[in-house]
Structures are given as structure tokens and as C-alpha cells.
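Asker: One structure, pasted below without further comment.
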Amino acid sequence: MPAAKYFRVLITDEKPLIKVTAFHLYDNDTRVDENATITSGFISDGSILAKLKESTPNINSVIEINTNNFRKFSLYLKWTFSTDTNVNCFKVGFSDLESTSLQKFKLQFSLDNTNWEDIIFVGPDKKLFF
4 MPAAKYFRVL ITDEKPLIKV TAFHLYDNDT RVDENATITS GFISDGSILA
54 KLKESTPNIN SVIEINTNNF RKFSLYLKWT FSTDTNVNCF KVGFSDLEST
104 SLQKFKLQFS LDNTNWEDII FVGPDKKLFF
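Here it is in C-alpha cells:
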């Protein structure tokens, strides 16, 4: 995968409620998302999105996503970097309940913020934790 300025997580989970405590992007062992701008198709409040970037996620930083309120194409989180950046790893902070944990999503990159390519698909058989 080439370095890129744009990365996003496209949520494909069909649960009515998903809870996430953090989402961090890495280049090997180096966290790279801390200075990126994070936006979303379903949350417009930047202070809520900033919770996803906290170094130590906790139960007080839970973002609840009611997927019934949004169209599928708007269920994304997007990171915009000031320069091309390598991302080859990520960490996700999940809910403490499997019934509300994010379990299906795609991590994607774009060179032009228009055409997106999959880096990885995470399905229900692959559970990742902080």
C-alpha cells in the first residue's frame, strides 16, 4: 500500500447500536494519527471525535453509533493527514459488551479523497482489543 493523505474506516456492521472507545492508526509500532484531522459521516461534533484519539481509552470516552439513524455510505470515520503517511496497523477500543462492539468494518486509503481502496476487512471472526 502506498503512503496516502486520506484513510477511513467504513463501518459495515449491521448492529443497531455500536460503541467504540478509541481508534488509532499506526505505522508499525509508531502511532501516526495524533496530528491528523478526524471527520465522520455521522458525527459532526469535533470534541466527540477527539475522544477516539485519546491515548488511553476509558469507559467515559465511549462513542455510541446508532446505525439505524444513518445511511450505510455515511457510516465512516476519516483521517486527513497534512502529508502522505504510511498506515499499516490499527487499534480499536471496543465496548465491554459483544452485542455493541464494532466487529465488521473496512480500513481504506485514498490518494485523492475520492477513490477508496481496501487495506483490510475485519469481520466477526476477527476480534481486536486494546
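My numbering applies: residue 4 is where the sequence shown begins, and numbers increase by one. Ideal Cβ positions, reconstructed from N, Cα and C, are used throughout, including at glycine.
Near S77, what residues of its chain come up, given a Cβ to Cβ distance below 6 Å and the 5 sequence neighbours on each side ignored?
Answerer: As a working note, residue 77 is residue 74 in the sequence shown. If we look at S77 and ignore the five residues flanking it on each side, its Cβ neighbours are G44, F45.
Asker: Could you tell me whether the Cβ atoms of A39 and F108 are closer together than 8 Å?
Answerer: Taking the sequence shown and counting its residues from 1, the one referred to as residue 39 is at position 36. Taking the sequence shown and counting its residues from 1, the one referred to as residue 108 is at position 105. No, they are not a contact pair.
Asker: Under the rule that 16 or more other beta-carbon atoms within 10 Å means buried, what is A25, buried or exposed?
Answerer: Within the sequence shown, numbered from 1, the residue matching residue 25 stands at position 22. A25 is buried by the Cβ-count criterion.
Asker: Here's the rule: buried if 16 or more other CB atoms are within 10 angstroms of the residue's CB, otherwise exposed. What is G96?
Answerer: As a first step, residue 96 is located in the sequence shown; it is residue number 93 there, counting from the start. Counting Cβ neighbours within 10 Å, G96 comes out buried, since at least 16 surround it.
Asker: Which class does N72 belong to by DSSP, given the choice of helix, strand or coil?
Answerer: The residue you call residue 72 lines up with position 69 of the sequence shown. If DSSP states are grouped into helix, strand and coil, N72 belongs with the helices.
Asker: Does DSSP put T117 in a helix, a strand or coil?
Answerer: Residue 117 sits at position 114 when you count from the first residue of the sequence shown. Correct three-state label for T117: coil.
Asker: Using the beta-carbon count (16 or more within 10 Å), is T88 buried or exposed?
Answerer: Mapped onto the sequence shown, residue 88 falls at position 85. Result: buried.
Asker: If I follow the unbroken beta strand (DSSP E) through G96, where does it start and stop?
Answerer: In the sequence shown, counting from the first residue as 1, residue 96 sits at position 93. Residues 92-97.
Asker: So I66 and L55 are in contact, right, with Cβ under 8 Å, and what is the actual spacing, rounded?
Answerer: Position 63 of the sequence shown, counting from 1, holds the residue named residue 66. Position 52 of the sequence shown, counting from 1, holds the residue named residue 55. Going by Cβ atoms, the distance from I66 to L55 rounds to 7 Å, so yes, they are a contact pair.
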